[in-house]
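Here's the structure, in structure tokens; my notes come after.
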Amino acid sequence: MGEQVDVVVLGMGPGGEEAAGRLAEAGLTVVGIDGKLLGGECPYWGCVPSKMMIRAANLLAEARRVPGMAGAAAVTADWTPVARRIRHEATDNWDDRVAVERFEGRGGRFVRGWGRLDGPRRVVVGHDVYEARRAVVVNTGARPWAPPIPGLAELEDRYWTNRRAIETDTLPASLVVLGGGAIGVELGQVFARFGSEVSIVEAADRLVALEEPESGALLADVLGREGLQVVTSARITAVHHDTGRFVLELEGERPVVGDNLLVATGRRPDLQAIGAATIGVDESARALPVDGRLRVTDGVWGIGDITGVGAFTHVSMYQAHIVVEDILGHDPEPADYRALPRVTFTDPEIGSVGLSEAAARAQGLTVRTGSYPVPDSTRGWIHKAGNEGFIKLIEDAGRGVLVGATSAGPAGGEVLSMLTLAVHAEVPVHQLRRMIYAYPTFHRAVEAALGDLAS
Ligand SMILES: Cc1cc2nc3c(=O)[nH]c(=O)nc-3n(C[C@H](O)[C@H](O)[C@H](O)COP(=O)(O)OP(=O)(O)OC[C@H]3O[C@@H](n4cnc5c(N)ncnc54)[C@H](O)[C@@H]3O)c2cc1C
122 MGEQVDVVVL GMGPGGEEAA GRLAEAGLTV VGIDGKLLGG ECPYWGCVPS KMMIRAANLL
182 AEARRVPGMA GAAAVTADWT PVARRIRHEA TDNWDDRVAV ERFEGRGGRF VRGWGRLDGP
242 RRVVVGHDVY EARRAVVVNT GARPWAPPIP GLAELEDRYW TNRRAIETDT LPASLVVLGG
302 GAIGVELGQV FARFGSEVSI VEAADRLVAL EEPESGALLA DVLGREGLQV VTSARITAVH
362 HDTGRFVLEL EGERPVVGDN LLVATGRRPD LQAIGAATIG VDESARALPV DGRLRVTDGV
422 WGIGDITGVG AFTHVSMYQA HIVVEDILGH DPEPADYRAL PRVTFTDPEI GSVGLSEAAA
482 RAQGLTVRTG SYPVPDSTRG WIHKAGNEGF IKLIEDAGRG VLVGATSAGP AGGEVLSMLT
542 LAVHAEVPVH QLRRMIYAYP TFHRAVEAAL GDLAS
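Once you know that position 450 of the sequence shown is 571 in our numbering, the rest is easy, because the numbers rise by one and skip nothing.
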């Protein structure tokens with residue numbers, strides 16, 4: 122017989138930490154288990170340090186924009202001290218003492234170890250067994266996934282994933298980024314701005330392929346002008362490592378070569394590693410199947426990347442709130458992802474919410490779109506260097522509400538906030554047109570895009 126507790130949280134990513142902490146504060150006995158660091162990928166190797174790197178790289182880029190605006194010399198910076206500061210400040214050298222203290226201060230108990238499910242309400246960690254009277258919450262995240270390109274698997278020990286890219290304090294002279302999704306373009310731009318020669322190789326026909334085509338085109342243009350090599354629609358036939366360099370062989374094109382290779386082709390959960398079959402889940406599935414309240418089966422809930430909804434910290438946290446309410450018997454509203462926001466923190470930032478134009482049309486909606494270039498707005502004109510971007514709105518004309526939007530440009534992720542609210546609250550377009558938009562802000566381009574809405 123194992124140790125009896127109310128709740129076991131297996132995997133303590135952002136959502137798991139939040140759920141475990143809140144349930145402990147509610148008076149339940151909660152054990153939170155993690156094989157690595159309490160807090161998961163986001164604070165140590167994900168969102169936080171990558172955004173610190175981006176902030177440093179954007180400062181450099183801003184300083185380089187001074188000539189022509191206010192007049193100044195070219196600016197360079199050493200990568201190593203920046204990388205060391207980020208490692209120290211963002212992650213305290215990958216030490217989670219503060220997070221453990223915070224969690225235990227809320228009343229939970231932290232167990233470090235790799236756990237496996239052993240039936241719906243049992244979790245095994247080494248020789249220890251935890252039996253949950255009320256709930257097991259699974260928040261074990263996802264791992265970097267690499268495509269089956271000949272030669273790539275053999276190089277797993279040599280190439281970078283996000284962890285090594287975040288940990289490095291040595292700037293590679295040249296870097297090949299495999300994958301032009303959010304992580305690939307964000308990190309590619311950072312390393313290029315610090316001085317690496319960067320090539321981004323993407324199999325889809327555009328960068329950030331999950332976003333509007335205009336977003337991919339904008340990034341390809343900006344990154345190209347910053348000196349990155351961008352290869353889309355790439356058919357990679359083989360990868361090898363010759364005389365200290367990675368070589369990507371491409372069908373019909375010259376090979377792409379670099380000192381380092383960053384594989385940023387997505388992340389997938391490992392259901393086998395957590396013993397998902399013991400709760401009746403097919404371990405070859407791409408995600409843990411959950412219902413609207415994140416229930417997998419009786420007594421088991423899932424949170425975060427493992428649910429396959431969207432690999433974002435805000436999704437993990439949002440789901441955690443529903444799970445907490447459900448476990449406490451408060452009958453929460455089911456999850457609603459209509460207004461799920463996403464931000465790619467490149468410069469320009471690509472913020473988007475809800476449906477793309479193609480997705481809205483695929484749903485059979487009567488779609489009207491409106492767009493406006495940020496450089497044509499007063500604020501864009503004032504901003505000048507670095508003002509690239511656009512607003513794109515997707516209206517369900519049948520109901521007269523926005524169902525999707527993109528805000529690309531300086532502070533595009535911040536401008537997105539009002540569009541997220543509009544999609545979430547289904548604010549009628551005629552109401553949005555009657556609002557007063559402060560002058561001269563970037564968000565005033567939203568008003569101009571509303572004026573452009575047409576079938
Ligand atoms: C480079 C990068 C940048 C990102 N930037 C952003 C961003 O800007 N904004 C954003 O919203 N998201 C971003 N993300 C995504 C974000 O990090 C994740 O969506 C977020 O961490 C939520 O994941 P999660 O809650 O599923 O758990 P994770 O953070 O993946 O944590 C899972 C935890 O479970 C533990 N675990 C796994 N298996 C076991 C086991 N068997 N036993 C015990 N413990 C286990 C792991 O050690 C880990 O601590 C980024 C990701 C990366 C890689």
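Cβ atoms here follow ideal geometry from the backbone N, Cα and C, with glycine treated the same way.
With respect to the alpha helix (DSSP H) encompassing residue i, which residues constitute its N-terminal and C-terminal limits?
| i | result |
| --- | --- |
| H435 | T434 to I448 |
| Y165 | E162 to W166 |
| H551 | V550 to R555 |
| T499 | T499 to H504 |
| P188 | From DSSP, P188 is part of no alpha helix (DSSP H); its letter is neither H nor E. |
| A325 | Looking at the DSSP string, A325 is not in any alpha helix (DSSP H), and its letter there is neither H nor E. |
| L339 | P334 to R346 |
| L409 | Here L409 belongs to no alpha helix (DSSP H), and DSSP marks it neither H nor E. |
| I471 | Segment E470 to G475 is the beta strand (DSSP E) holding I471; no alpha helix (DSSP H) there. |
| N260 | No alpha helix (DSSP H) holds N260; DSSP gives it neither H nor E. |
| L571 | R565 to G572 |
| V221 | R218 to G226 |
With distance defined between alpha-carbon atoms, name the residue in the options nearest to residue i.
| i | options | result |
| --- | --- | --- |
| L181 | E568, S320, V368 and Q310 | Q310 |
| A147 | K513, G228, G300 and E252 | G228 |
| T150 | S336, A140 and T358 | A140 |
| A575 | V488, R243, A456 and P135 | V488 |
| S317 | V464, G429 and A198 | A198 |
| R554 | D573, P265, V244 and L158 | D573 |
| V377 | R388, V495, H362 and V411 | H362 |
| D457 | G450, V417 and D412 | D412 |
| L276 | A256, G365 and A355 | G365 |
| A330 | V306, L238, T399 and R314 | V306 |
| V351 | E332, L392 and G302 | G302 |
| A256 | V548, L369, E335 and L144 | L144 |
| G348 | E335, S320 and D239 | S320 |
| A294 | V196, V536 and W200 | W200 |
| I304 | M539, W166, R520 and D497 | W166 |
| R407 | R414, T418 and G387 | G387 |
| L486 | V130, L461 and R520 | R520 |
| V245 | D217, N381 and G396 | G396 |
| Q484 | G525, L371, V550 and G510 | G525 |
| L88 | V196, E335 and E323 | The shown model of the chain, from 122 to 576, leaves out residue 88, and the question about it has no answer. |
| I357 | T282, R482 and P271 | P271 |
| M438 | L449, I448 and D426 | D426 |
| R176 | L308, V421, Y493 and D326 | L308 |
| A546 | G491, P170 and L523 | L523 |
Given that a residue counts as buried once 16 or more other Cβ atoms are within 10 Å of its Cβ, and exposed if not, what is residue i?
| i | result |
| --- | --- |
| P164 | buried |
| L542 | exposed |
| Q440 | buried |
| M556 | exposed |
| H248 | exposed |
| R346 | exposed |
| H451 | exposed |
| T291 | exposed |
| K513 | buried |
| Y242 | Note that residue 242 corresponds to Arg in the displayed sequence, not to Tyr. By the neighbour-count rule (16 or more Cβ atoms within 10 Å), R242 is buried. |
| W502 | exposed |
| V297 | buried |
| R463 | buried |
| A359 | exposed |
| V203 | buried |
| Y560 | exposed |
| S405 | exposed |
On the DSSP letters alone, give me the boundaries of the beta strand (DSSP E) that residue i sits inside.
| i | result |
| --- | --- |
| S528 | V522 to G530 |
| I512 | F511 to D517 |
| T399 | Careful: T399 lies outside any beta strand (DSSP E) and carries neither H nor E. |
| F231 | R230 to R233 |
| I304 | Careful: I304 lies outside any beta strand (DSSP E), inside the alpha helix (DSSP H) at A303 to F315. |
| G153 | V151 to D155 |
| S538 | S538 -> not in any beta strand (DSSP E); alpha helix (DSSP H) instead, spanning G533 to A546. |
| R416 | R416 to T418 |
| I357 | I357 to D363 |
| R143 | No beta strand (DSSP E) holds R143; the alpha helix (DSSP H) holding it covers P135 to E146. |
| L299 | S295 to L299 |
| E370 | R366 to L371 |
| R375 | E374 to G379 |
So, does the stretch 461 to 475 touch the stretch 204 to 211, judging by three or more C-beta pairs under 8 Å? Here the stretch 461 to 475 does not lie against the stretch 204 to 211, with fewer than 3 beta-carbon pairs under 8 Å apart.
Answer yes if the stretch 153 to 160 comes into contact with the stretch 223 to 243, meaning at least three C-beta pairs across the two stretches below 8 Å, and no otherwise. Contact between the stretch 223 to 243 and the stretch 153 to 160 is established, with three or more Cβ pairs separated by less than 8 Å.
Does the structure place the stretch 554 to 572 close enough to the stretch 524 to 542 that three or more beta carbon pairs sit under 8 Å? When C-beta atoms of the stretch 524 to 542 are compared with those of the stretch 554 to 572, three or more pairs fall below 8 Å, so the two segments count as touching.
Can you confirm whether the stretch 259 to 274 touches the stretch 380 to 395 when touching is taken to mean that 3 or more C-beta pairs between the two stretches lie within less than 8 Å? Verdict: yes, contact present.
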